[in-house]
Amino acid sequence: MPTSKISPYDVIIIGAGVNGCCSAYTLAQAGINVALIDQDGIASGGSGAAGAFISPKISKAGELKEIMSEAHAEALEFYTTNFPSFTLVKPLLHVANTPEEGEKVESFKHETHLKHSNIPHKIQTLLSDEALNSASIYFDIGAVVDAQGVCSAMAEGIDFYPLKVEKLIHTNGVWQVAELRAKHLVLSIGAYPKLLPIDYVGLRGIWGHRIDIETATHIPCILHHHVSISPTTKEGIVAIGATHNVHYSPFSGEPYDVEEGRKALLDKASKTLKLNNINIVKDYTGLRSGSNDYLPMLGSLVNAEATLVKHPHMRYGQSVDPSEYIYYPNVTMINGSGGYGFVLAPYLAARLKEYIVDGKTMAPMLSPSRFFSRWVKRKK
Ligand SMILES: Cc1cc2nc3c(=O)[nH]c(=O)nc-3n(C[C@H](O)[C@H](O)[C@H](O)COP(=O)(O)OP(=O)(O)OC[C@H]3O[C@@H](n4cnc5c(N)ncnc54)[C@H](O)[C@@H]3O)c2cc1C
539 MPTSKISPYD VIIIGAGVNG CCSAYTLAQA GINVALIDQD GIASGGSGAA
589 GAFISPKISK AGELKEIMSE AHAEALEFYT TNFPSFTLVK PLLHVANTPE
639 EGEKVESFKH ETHLKHSNIP HKIQTLLSDE ALNSASIYFD IGAVVDAQGV
689 CSAMAEGIDF YPLKVEKLIH TNGVWQVAEL RAKHLVLSIG AYPKLLPIDY
739 VGLRGIWGHR IDIETATHIP CILHHHVSIS PTTKEGIVAI GATHNVHYSP
789 FSGEPYDVEE GRKALLDKAS KTLKLNNINI VKDYTGLRSG SNDYLPMLGS
839 LVNAEATLVK HPHMRYGQSV DPSEYIYYPN VTMINGSGGY GFVLAPYLAA
889 RLKEYIVDGK TMAPMLSPSR FFSRWVKRKK
């Protein structure tokens, strides 16, 4: 913990997952004095568990698709330029795992600007009949990053404080977190318990398990099917992941069944190809934090109590323009990236920097306060 320079900072970031680390890196690059806090260390939450594929989201046209495709392009550029030693670039084969997804893959193929081609023969020979007979798209370029390595590299040189934050105090225009002070506060705490009374922010924790294995089978590209199977930045290590379990929560106190998770991963992988002589080297587990509408969150937080005192008729259906809500001063939340945290982090961090440094407005569509009025109506 740095002792020589306790305060003041320009920005305090709580949560050192990919969102916190990438924000800290991007702000520091712009000359901002940042303190980064985490209760468990760098990339100890969902980020440390991630397979960390920088893959396009196969989705239908709309807001989500536009944001995801912009974020995907920015992320490829960001990791390959700034952190090449933690980034492995390989072709990417995405195989649909249901007929409905097959339809999405086919329409994505016609609309995308991303370069794609026929599946090379040597990859076809590896695939199961199910994979060969499903709709698929073979991108010339995909990437996977070393999740823990890249988060640590982004946080290098940033003042890091290993603290569990319990309380946030705001006085005289300054946020105080333990002994630290700053004008701006960034909350990037993933699926962990909220630090402010913001029940309107709808987030779901989605538990995931992935494994690193050694295998005699050579995997020449990144494969996404029922699970992902991929070479990694670590020589000889193949990653398989990840499960999506909405029923298990580490906060429940119940133990997690690692053996069952491993079996689910290997069963799913076997539907894509046959892996020979498998040796499981490491398990990774963690919570993704997904928003109810699948869009990520970047923006200010409404102070619900103060806003309802100012606009009591909101409870009875009165519609109030969001510019009239009362917000916690200079607090920005980054969250809700679901299974695309590594894809979205550079994009969200760049928009955060534009807001804090360049005074640009953040997109209302991404604001966590987009859920507020609906929550008030449901609550009455
Ligand atoms: C198994 C798995 C596979 C995944 N695969 C991919 C993938 O291939 N590609 C991709 O892009 N994304 C992937 N993701 C999703 C991605 O990992 C998440 O979207 C991303 O980790 C979210 O990052 P975050 O920084 O918001 O949250 P987190 O990484 O969860 O970080 C939150 C941090 O906040 C800290 N914290 C919380 N409360 C406090 C407090 N009170 N005081 C101090 N510290 C606190 C926690 O300790 C934690 O370190 C995967 C996730 C999982 C679980």
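So the sequence shown is numbered by the working numbering: it starts at 539 and just counts up by one.
Just so you know, even glycine gets a beta-carbon here, dropped at the ideal spot from N, CA and C.
Since the structure is predicted, the reported quantities are computational estimates derived from the model, not experimental observations.
Suppose you measure from the CA of residue i to the CA of residue j; what does that come to, to the nearest Å?
| i | j | result |
| --- | --- | --- |
| E752 | V819 | 7 Å |
| L665 | L811 | 5 Å |
| V556 | K806 | 27 Å |
| E798 | S857 | 49 Å |
| T870 | I661 | 45 Å |
| R853 | K917 | 8 Å |
| F789 | D795 | 15 Å |
| S787 | T618 | 34 Å |
| L813 | W713 | 53 Å |
| E773 | L626 | 11 Å |
| P700 | E892 | 27 Å |
| V847 | I864 | 10 Å |
| S655 | S645 | 15 Å |
| Y866 | P658 | 54 Å |
| K898 | N817 | 50 Å |
| D667 | N635 | 13 Å |
| K702 | A581 | 15 Å |
| G824 | Y563 | 23 Å |
| G600 | H651 | 15 Å |
| P531 | T663 | Nothing about residue 531 can be reported from this structure: the residues present for the chain run from 539 to 918 only. |
| M900 | L734 | 21 Å |
| A844 | K705 | 19 Å |
| Y832 | K653 | 26 Å |
| R800 | D548 | 44 Å |
| V643 | G680 | 16 Å |
| I736 | N830 | 15 Å |
| Y878 | F698 | 25 Å |
| E649 | G640 | 15 Å |
| G695 | E638 | 47 Å |
| K647 | Q567 | 37 Å |
| S542 | L602 | Bear in mind that a pLDDT of 45 at S542, under 50, signals an unreliable position, so the model cannot answer this. |
| W745 | P793 | 13 Å |
Please state if the CB of residue j and the CB of residue i are separated by a distance shorter than 8 Å.
| i | j | result |
| --- | --- | --- |
| S672 | H632 | no |
| L574 | I894 | no |
| K598 | M606 | no |
| Y939 | G586 | This structure gives no information on residue 939, because the portion of the chain shown stretches from 539 to 918. |
| N841 | S726 | no |
| S561 | L904 | no |
| D678 | P629 | yes |
| F909 | V683 | no |
| A754 | T781 | no |
| G876 | G828 | yes |
| T771 | F591 | no |
| A685 | A588 | yes |
| A554 | D576 | yes |
| K721 | N571 | no |
| A669 | H763 | yes |
| H851 | E862 | no |
On the criterion of 16 or more Cβ atoms from any shown chain inside 10 Å, does residue i qualify as buried, or is it exposed?
| i | result |
| --- | --- |
| G855 | exposed |
| I760 | buried |
| I552 | buried |
| V765 | buried |
| S593 | buried |
| I707 | exposed |
| L882 | buried |
| A693 | buried |
| G558 | buried |
| P769 | buried |
| D578 | exposed |
| V914 | buried |
| V784 | exposed |
| G711 | exposed |
| D750 | buried |
If I'm right that residue i touches residue j with Cβ under 8 Å, what's the distance once you round it to whole angstroms?
| i | j | result |
| --- | --- | --- |
| S838 | S907 | 6 Å |
| I767 | I775 | 12 Å between Cβ atoms; not a contact. |
| I550 | L723 | 5 Å |
| A888 | E615 | Going by Cβ atoms, the distance from A888 to E615 rounds to 11 Å, so no, they are not a contact pair. |
| R719 | P546 | 5 Å |
| P860 | P834 | About 18 Å; that fails the 8 Å criterion. |
| I778 | R826 | Not really, about 17 Å apart at Cβ, beyond 8 Å. |
| Y730 | G583 | 7 Å |
Opposite residue i in the DSSP bridges: which residues?
| i | result |
| --- | --- |
| F646 | None, per the DSSP bridge assignment. |
| R826 | I744 |
| Q714 | I707 and R719 |
| P769 | V776 |
| D547 | Here the sequence assigns Tyr to residue 547, which means Asp is not the residue at that position. Bridge partners of Y547: A720. |
| G837 | M871 |
| G680 | K628 |
Answer with yes or no whether the minimum CB distance from residue i to chain C is below 8 Å.
| i | result |
| --- | --- |
| L614 | Among the chains of the structure shown, chain C does not appear; only one protein chain is present. |
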